Structures are given as structure tokens and as C-alpha cells.
Amino acid sequence: MDQKQQQQNAPPIYDISQGGHYGASAALSAQGYVPHNELYSGLWSNINQGLTGPSREILATYWQQTINHLETDEHNFKFHQLPLARIKKVMKADPEVKMISAEAPILFAKGCDIFITELTMRAWIHAEDNKRRTLQRSDIAAALAKSDMFDFLIDIVPREEGTSSSSKRPTTSGQAAPAQVPQQQQAAPAQQQMPPPDYGLAQHGTMGPPDNQYGRTQMYPGHMGGDAQQDPNQAYGQAPQMFGGGDMYNPYAQGQFGAGGAQQVGGHPQ
């Protein structure tokens, strides 16, 4: 009888070798070793904030076992989960810190260990709720959004990614492919409209006359033999008279200076 009573009064075994802290806490909560809700009220209410049902009991069991471990178990201060040198370097980065005691990095390392474990358990709970066995960034973002004590990490892991990361990934990749289709359709007609370059010498004879091609018949119709005849009263009508025989160097010719040309040149008419 005494052995049975001792076995019943014995504290439950918190075995982290079976699934880590999450597996050990889940096993104890399934056996009924769940702390009372009154223990985690008031200032301690944020321990399982945002969780309901079995998830709330699992996290409360973890915190109860962690507190028991810190208060009763013997600690080996030579072995730590996190490097103390890196933690001490971060603490020295503050310009107001002048000296650091030997115990400060040890306590800081233990606090970081508990913080990382709790955040990992919260993220794993979210992953199991979504029927997944792989921890993703969206799970961490969702875990941070369920508790107010993680608000200082909102700049590192925005809360929007917890709900929209899974929906953004297929839409962005799906919209990128159709966006390239109109560009290809526009490039195809442009290539069809451009005629292929012709380097054949035999086709130069099929081209129009050089005079008609470059409009020389319109520039000098009287001298180049063009079909069109310009009006001498137009803006370019004096071009045929410029090369007209003796009137070219006659300062008193009416074709050059008009009716009053004799009075404008030299001022003495002849």
C-alpha cells in the first residue's frame, strides 16, 4: 500500500526526450497534470494568452514545469544552450553599460532559452492547427500576433505575413506569367510588319527614277526636265531665272529686282 501511495504522490515525469518540451507537456496535460487556472491570472495571464482548449493546457504545463525546474533542480552553470560570449557582446553594445557581472550573461541565456522555447511551441501549435508538420515563418508570425508580450517583434516579423503569406505566394506567381503574354503578342505583329532586309543588287533597277525619288523635278523644274512647272510668282519661282543667260549679271534686270530695280542699285538709273 505504501508503494502505491508513493507512486501516486510522486511528481509526474517530464521527459523531453519524447518530442521535446512540447511532447512532454502534451503528455502530462493528457494525463491530467494541468495546473489550476488561478495560478496564471493577473500578471501571469499572458503566459497562455491567445490559446484555448488543449493548446492552452499544454503551454500552462510547460510553464509550470519550467518554474519547478528553476526553483528545485540543481543547475550546471558551465553548460548553456546559448553562447555566453555572444550574449555578453550584445550587452556591451549598449553605451550605458560599463561593467557586466559574471551572473548576468548566465541569467540572460536562460531567459532567452525559455523565450525561444515558448515561441517555438506557440508556432508549432499553429502549424498543427493547419495540419502541417513543418514550421514556417507564417506560423511564427501567427504566434506573435496572439499575445501582446511579443509586440516588440512586430518590426522583425510583421503580423500581416501570418495571414496573407500563404495567399500571396500563389497569386504573385500566377499573375507574373500572364503579364508576359501580351508583350509577346505585341512583339509578334511588329516583327511581321518589318520587311526582311534585301541586299540584292538586281532589284535596284526596279526602283523609281532618282529625280522622282528625291523630288528634284520640284526643285528645278525648268532645268531638270521635270513634268511639273512652277509659277514664277510663287515663293520659289525665281529659281529658273537665276541661271537665265545675260540677266544673271544684269543689276537692272526686272526679273531680278522687279520694276524698281534700277532705282535700288547704285541710286543712279541709266
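Count along the sequence shown starting at 1, add 915, and that's the number in the working numbering. We treat Cβ as the ideally placed atom computed from N, Cα and C, and that holds for glycine. On a predicted model such as this, the values are computed, not experimentally measured, just so you know.
Straight-line gap, residue i to residue j (C-alpha atoms, nearest Å)
i, j, result
"GLN996", "ILE1015", "20 Å"
"THR1078", "SER944", "Note on THR1078: pLDDT 48, under 50, position unreliable in the model; the coordinate value appears next. When rounded, the distance between both Cα atoms is 29 Å."
"PRO1073", "ASP1054", "12 Å"
"MET1064", "ASN963", "11 Å"
"ILE1071", "ILE1031", "15 Å"
"GLN933", "PRO998", "25 Å"
"ASP1044", "LYS1013", "47 Å"
"HIS1041", "ILE928", "26 Å"
"ILE973", "ILE1069", "25 Å"
"THR987", "ALA1038", "29 Å"
"THR976", "ILE1002", "28 Å"
"GLY935", "VAL949", "18 Å"
"ASN983", "THR967", "23 Å"
"ALA942", "ASP930", "9 Å"
"ALA1094", "THR981", "Here the model assigns ALA1094 a pLDDT of 47, short of 50, so the residue's position is not dependable and the matter cannot be decided."
"GLY965", "THR1035", "15 Å"
"LYS1046", "ALA1057", "15 Å"
"ARG1052", "LEU1059", "11 Å"
"GLN946", "PHE992", "32 Å"
"HIS990", "ARG1048", "33 Å"
"SER1062", "ASN961", "7 Å"
Closest by C-alpha distance to residue i, when choosing among the options
i, options, result
"ILE1271", "ALA942, GLU989, ARG971 and GLN979", "Residue 1271 falls outside the range modelled here, since the chain spans only 916 to 1185, and no answer is possible."
"VAL1005", "GLY965, GLU986, CYS1027 and GLU1033", "CYS1027"
"ALA1024", "PHE994, LEU1034 and ASP988", "PHE994"
"SER940", "ALA1060, ALA1056, LEU1059 and ARG971", "ARG971"
"LEU1022", "LEU985, HIS936 and ASN961", "LEU985"
"ALA1000", "GLU1018, THR981, ASP930 and ASN983", "GLU1018"
"PRO969", "THR981, ILE931, ARG1048 and TYR937", "TYR937"
Alpha helix (DSSP H) segment containing residue i, residue limits
i, result
"ARG1047", "That residue, ARG1047, is in no alpha helix (DSSP H); it is neither H nor E in DSSP."
"ASP1054", "1052-1060"
"VAL873", "Residue 873 is absent from the structure shown; the chain starts at 916 and stops at 1185."
"GLU972", "969-987"
"ALA1017", "Per DSSP, ALA1017 belongs to no alpha helix (DSSP H) and is neither H nor E."
"LEU1068", "It is not in any alpha helix (DSSP H) - LEU1068 carries neither H nor E in the DSSP assignment."
"SER932", "Neither: SER932 is in no alpha helix (DSSP H) and is coded neither H nor E."
Exposure of residue i, with buried meaning 16 or more beta-carbon neighbours within 10 Å
i, result
"PRO1020", "buried"
"PHE1067", "exposed"
"GLU1011", "exposed"
"ALA1008", "exposed"
"GLU1033", "buried"
"SER1082", "Any answer about SER1082 is weak, because its pLDDT of 45 lies below 50 and its placement is not dependable; what the coordinates show is given next. Exposed, because fewer than 16 other Cβ atoms sit within 10 Å of the Cβ of SER1082."
"LEU1050", "exposed"
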